[in-house]
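*Asks:* Just dropping this structure here.
Residue numbers (my numbering), protein chains in the order written: chain A, 3 to 333; chain B, 3 to 333.
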């Protein structure tokens, strides 16, 4: 029921997903009548509706949603993961409420202090993964270190990269670079056994050959949103230029196939789907503004994480680093 | 002597600047022989060389530069501002060393706690100014507040905007948005009398109608570098697409004038020149990779700040807010 466009987009993307994927069933959680209307006469063989009576608003306070909305589509979808009826939950709803509810219902993995949000972002070398994207502000060095372990394991499990290149997001201006947390996390990472390549600055996210970029949730969120903003700004400026005169319209026509190919490279829909990492279950957050192609991508990410058994692998890796004694658990 | 390209670019841009601007003299500070070679037979009427024997390396520790390089081009250029022989200093050198030296030689304004770095960035509405860009990590609410006052006054003085729209960079994920410093700065700004429009997220820097974006130096630096990275990534992807096949090369030829116009809109050279704000003198930092057009832009920014008497105005404004008693001075 979440997202800017409501159940229409989710239902359409569910049908697209089922057409493309064998041996996967979907449960649509939400207002039965509304979902039914969007389903129409579609084949419901591998599709169930789980009716709920409440919805979490996109701007609702997470604590309020958690206390007062026990029959919301969001809560029930996560309950289904907890009970084992579902293997993963995909939602385009309120991020704060989704994280709070997932944390409350599923719990964090035993060795993980704080769950984090991770997504893939396009880069010159294909793409990179970045975390945390806003679940945690004011992270300690140990938090950043755990994010690195989780991100590295995700990329190994889902993409088959044996030793993902991990970097810490930092700035180059201060005498001894960055703030205290980042400097200490750097020390922890240097002796971690991860394939740690050191600091990266903001531009490096998109230009350097890196698999995992680690940042505090405040910084990571700003970095992600900035990149979305610049991309929108570029698309807008380009299309304005191509519409200015009759000559530029003609040129735009000639350039259309190339511009389309270019847009595909940058298409944020191909990257839609952020994972809530560090929980005892799989929860994927779709962008609120996702269309059916974008939301379908988020379902595919969930499927990959199911096949890769992400929560178990993350738990083992973080636990292993904790046991190795080269960094201390956080109180 | 600083920057990635050394004195060649600086000399060339100085000559361009002199050709475009009446009644301004320039002093080139650095290695006399090298500068002389680049000047060749150029007219030296409004141009002096101030010879120095040392250079600050681009990766040199600021404290080392400050102690050991008293006859560096950077130090002497700032000394000239201090003594009044120059009205402003423009440098493409090591940012950390430039800030440390400027702070040490010129001192901060009496009412200012920490100088900050500000620059203009392109946006859908023309451009916006963002600070701090890396001079200060771990800022308090009071620091952020002072940045807002300084940024607002700069935009008023240099661009003639009576009440610049000021926003605080934040994230939308946390229950009560953002971290403690930002929330407290929000409170200070709400009762400041500035034209404060509230929080902005990363994408809003480039999409919203805002004149001043205020952030901690770590966050602001990441935001700026991210935008540079995405812009480079876009330019690279576009040109790759237009070079793929003979058809796309032809289409690229047709689209050339439009793409050129588009690149002009986004051209980082038009935005080159970050101001060190809050000091008792004008210091402009050019991007290390600046070419002669970009560096010339930085000199024009210096000239604008001279005409607007920026240090005096900033000092008065920050002092006025301090006197008004609605926020406390920082120890």
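Where is the CB? At the ideal position from N, CA and C, for every residue including glycine.
Helix, strand or coil for residue 84(A) per DSSP?
*Replies:* helix
*Asks:* Check residue 53(A) in the structure and name its three-state DSSP category.
*Replies:* DSSP places residue 53(A) within a strand segment (E or B) once states are collapsed to three.
*Asks:* Nearest CA to the CA of residue 204(A): which residue from 192(A), 193(A), 194(A), 217(A)?
*Replies:* 217(A)
*Asks:* Put residue 333(A) into one of helix, strand or coil per three-state DSSP.
*Replies:* Its pLDDT being 42, under 50, residue 333(A) is placed unreliably by the model, and the measurement read from it follows with that caveat. Coil.
*Asks:* For residue 249(B), is the classification buried or exposed, using 16 other Cβ atoms within 10 angstroms of its Cβ as the cut-off for buried?
*Replies:* exposed
*Asks:* Tell me residue 286(B)'s beta-bridge partners as DSSP assigns them.
*Replies:* 92(B), 277(B)
*Asks:* Check whether chain A comes within 7 Å of residue 5(B), counting only Cβ atoms and requiring the distance to be less than that.
*Replies:* no
*Asks:* Using a Cβ-Cβ distance under 7 Å, would residue 227(B) count as near chain A?
*Replies:* Interface residue, yes.
*Asks:* What residues of chain A sit near residue 257(B), judged by a beta carbon separation below 9 Å?
*Replies:* Chain A residues near residue 257(B): 244, 250, 253, 254, 256, 257, 260, 261.
*Asks:* Residue 118(A) and residue 134(A) - do their beta-carbons sit closer together than 7 Å?
*Replies:* yes
*Asks:* What would DSSP say about residue 132(B), mapped onto helix, strand or coil?
*Replies:* strand
*Asks:* Do you know how far the Cα of residue 16(A) is from the Cα of residue 316(B)?
*Replies:* 57 Å
*Asks:* Nearest CA to the CA of residue 320(B): which residue from 201(B), 155(B), 86(B)?
*Replies:* 155(B)
*Asks:* What's the gap between the Cα of residue 13(A) and the Cα of residue 91(A)?
*Replies:* Taking the Cα positions, residue 13(A) is about 14 Å away from residue 91(A).
*Asks:* With distances taken from CA atoms, which of 48(B), 193(B), 276(B), 173(B) is nearest residue 225(A)?
*Replies:* 173(B)
*Asks:* Quickly, what does DSSP pair residue 242(B) with across the bridge? List them, please.
*Replies:* BP columns for residue 242(B) are empty, so no partner.
*Asks:* Check whether the segment 108-116 of chain B and the segment 179-198 of chain B are in contact - that is, three or more C-beta pairs closer than 8 Å.
*Replies:* no
*Asks:* Using 8 Å as the cut-off, can you tell me whether the segment 267-285 of chain B makes contact with the segment 268-281 of chain A, which would need three or more C-beta pairs spanning the two stretches below that distance?
*Replies:* no
*Asks:* Against residue 224(B), what residues of chain A qualify as contacts under a CB-to-CB distance less than 7 Å, listed in chain order?
*Replies:* 171, 173, 204, 221, 224, 225
*Asks:* Can you list, in chain order, the stretches of the alpha helix (DSSP H) that have 4 or more residues and sit fully within the segment 172-213 of chain A?
*Replies:* 182-192, 206-209
*Asks:* Give me whichever residues DSSP pairs with residue 110(B) in a beta bridge.
*Replies:* 281(B)
*Asks:* Using CA atoms only, rank isn't needed, just tell me which of 89(A), 120(A), 34(A), 86(A) is closest to residue 287(A).
*Replies:* 120(A)
*Asks:* If you pair each beta-carbon of the segment 74-93 of chain A with each one of the segment 50-60 of chain A, do three or more pairs fall below 8 Å?
*Replies:* yes
*Asks:* With DSSP as the reference, please indicate the residues paired to residue 125(B) in a beta bridge.
*Replies:* Bridge pairing for residue 125(B): 128(B) [DSSP].
*Asks:* Starting from the beta carbon of residue 129(B), find every residue of chain A whose beta carbon is closer than 7 Å, and list them in chain order.
*Replies:* None at all; the shortest Cβ gap to chain A is about 11 Å.
*Asks:* I'd like to know whether the C-beta of residue 181(A) is nearer than 7 Å to at least one C-beta of chain B.
*Replies:* Output row for residue 181(A): interface = yes.
*Asks:* Residue 230(A) touches chain B at which residues, Cβ-Cβ below 8 Å?
*Replies:* 204, 205
*Asks:* Note down the Cα distance separating residue 256(B) from residue 101(B), rounded to an integer number of angstroms.
*Replies:* 46 Å
*Asks:* Give the range of the alpha helix (DSSP H) segment to which residue 11(A) is assigned.
*Replies:* 9-22
*Asks:* Could you tell me how far apart the beta carbons of residue 251(A) and residue 245(A) are, in whole angstroms, since I believe they sit closer than 8 Å?
*Replies:* 6 Å
*Asks:* For residue 1(A), is the classification buried or exposed, using 16 other Cβ atoms within 10 angstroms of its Cβ as the cut-off for buried?
*Replies:* Outside the displayed span of chain A (3 to 333) sits residue 1(A), for which this structure offers no information.
*Asks:* Under a three-way DSSP split, which group does residue 65(A) fall into?
*Replies:* helix
*Asks:* Residue 154(B) by DSSP, collapsed to three states: which one?
*Replies:* Annotated three-state conformation of residue 154(B) is helix, per DSSP.
*Asks:* Please report the residue range of the alpha helix (DSSP H) in which residue 317(A) lies.
*Replies:* 312-325
*Asks:* Can you tell me where the beta strand (DSSP E) with residue 32(B) in it begins and where it stops?
*Replies:* 28-32
*Asks:* Compare the C-alpha of residue 9(B) against each of 37(B), 23(B), 19(B), 21(B) and name the closest.
*Replies:* Checking every option, the nearest Cα to that of residue 9(B) belongs to 37(B).
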